[in-house]
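A.B. asks: Each residue of the sequence shown is one higher than the one before, counting from 46 in the working numbering.
Don't be surprised by glycine CBs; every beta carbon is placed ideally from N, CA and C.
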Amino acid sequence: MSQDPFQEREAEKYANPIPSREFILEHLTKREKPASRDELAVELHIEGEEQLEGLRRRLRAMERDGQLVFTRRQCYALPERLDLVKGTVIGHRDGYGFLRVEGRKDDLYLSSEQMKTCIHGDQVLAQPLGADRKGRREARIVRVLVPKTSQIVGRYFTEAGVGFVVPDDSRLSFDILIPPDQIMGARMGFVVVVELTQRPTRRTKSGG
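(1) DSSP state of residue 146, grouped into three classes?
(2) Say whether the segment 160-167 touches the segment 214-226, bearing in mind that this needs 3 or more beta-carbon pairs closer than 8 angstroms, one atom from each stretch.
(3) Using the Cβ count rule (16 or more neighbours within 10 Å means buried), how would you classify residue 47?
(4) Assign residue 185 to one of three DSSP states: helix, strand, or coil.
(5) Based on DSSP bridge pairs, tell me the residues matched to residue 122.
(6) Could you check what DSSP says for residue 80 in three-state terms: helix, strand or coil?
(7) Of all the options 64, 84, 151, which has the alpha carbon lying nearest to the alpha carbon of residue 133?
(8) Please report how far the alpha carbon of residue 172 lies from the alpha carbon of residue 197, in whole angstroms.
(9) Could you name each continuous alpha helix (DSSP H) segment of 4 residues or more that falls completely within the segment 197-251, going from the start of the chain to the end?
(10) I need the straight-line Cα distance from residue 145 to residue 137, nearest angstrom please.
(11) Give me the residue from 242, 240, 205, 241 with the minimum Cα distance to residue 233.
(12) CA-CA distance, residue 114 and residue 235?
(13) Classify residue 239 as buried or exposed, calling it buried when 16 or more other Cβ atoms lie within 10 Å of its own Cβ.
(14) Which residue's Cα is closest to the Cα of residue 70: 112, 91, 183?
So, in structure tokens, the structure goes:
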């Protein structure tokens, strides 16, 4: 770890410091291919259970923040090496959406199927794909990095005994199911603020 330019900073923060995020990124940049956690531990001279746990936590945090991608082969890779981009989701009332990437002229198209894994305003990591039948360059959502705020304004309705909220923002093209014990006196057509406790997925509806 003697080559880490941020070694002193890490030593001030941790009793048993590990390589900084910057040094790990630099190491992977110089490497020709992705590395497993065990490979990184050897190459970065990580010793002892405490440092190994510290490395595990740091890699997970870097993955969470979009600095690294954990591949299907159980290795850590740089997003740019996998042709991944970070951007902001822009929803459309008809269910599809777009991904706005800073520095990119054209937005990437997100199908309604992809929009089931994210919502308008999310910051995500995505993989650009080829063009669809209409010539639009598509993207596949890899991971939500920064979720949109969890409070949503909408109107409360019931149907067949099931309560749900329809968001006022038409770019949020999903209903939010409300459990009976969370109705809190709301009546049909009331404007309410709902806390999004379960985000929509391909298999489940959103809940609040």
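C.D. replies: Quick answer:
(1) The count along the sequence shown starts at 1 and reaches residue 146 at position 101. The answer is coil: DSSP assigns residue 146 none of H, G, I, E or B.
(2) Enough Cβ pairs lie closer than 8 angstroms, so yes.
(3) To locate residue 47, count along the sequence shown from 1; it is residue 2. Its pLDDT being 49, under 50, residue 47 is placed unreliably in this model, and the coordinates cannot settle the point.
(4) Counted from its first residue, the sequence shown places residue 185 at position 140. In this structure, residue 185 counts as strand in the three-state DSSP scheme.
(5) Here the question's residue 122 lines up with position 77 in the sequence shown. DSSP lists 114 as partners of residue 122.
(6) The count along the sequence shown starts at 1 and reaches residue 80 at position 35. The answer is strand: DSSP assigns residue 80 an E or B state.
(7) As a first step, residue 133 is located in the sequence shown; it is residue number 88 there, counting from the start. Of the listed residues, the one whose Cα sits closest to residue 133 is 151.
(8) Taking the first residue of the sequence shown as position 1, residue 172 is located at position 127. Taking the first residue of the sequence shown as position 1, residue 197 is located at position 152. Those two C-alpha atoms are separated by around 28 angstroms.
(9) Inside the segment 197-251, DSSP marks no whole alpha helix (DSSP H) run of 4 or more residues.
(10) Here residue 145 corresponds to residue number 100 of the sequence shown, with the count starting at 1. Here residue 137 corresponds to residue number 92 of the sequence shown, with the count starting at 1. Note on geometry: alpha-carbon atoms of residue 145 and residue 137 lie some 13 angstroms from one another.
(11) On the sequence shown, position 188 is the one that residue 233 refers to. For the options 242, 240, 205, 241, the alpha carbon positioned closest to that of residue 233 is the one of 205.
(12) As a first step, residue 114 is located in the sequence shown; it is residue number 69 there, counting from the start. As a first step, residue 235 is located in the sequence shown; it is residue number 190 there, counting from the start. When rounded, the distance between both Cα atoms is 43 angstroms.
(13) To locate residue 239, count along the sequence shown from 1; it is residue 194. It counts as buried.
(14) What you label residue 70 is simply residue 25 of the sequence shown in a count that begins at 1. With respect to the C-alpha of residue 70, the residue from 112, 91, 183 having the closest C-alpha is 112.
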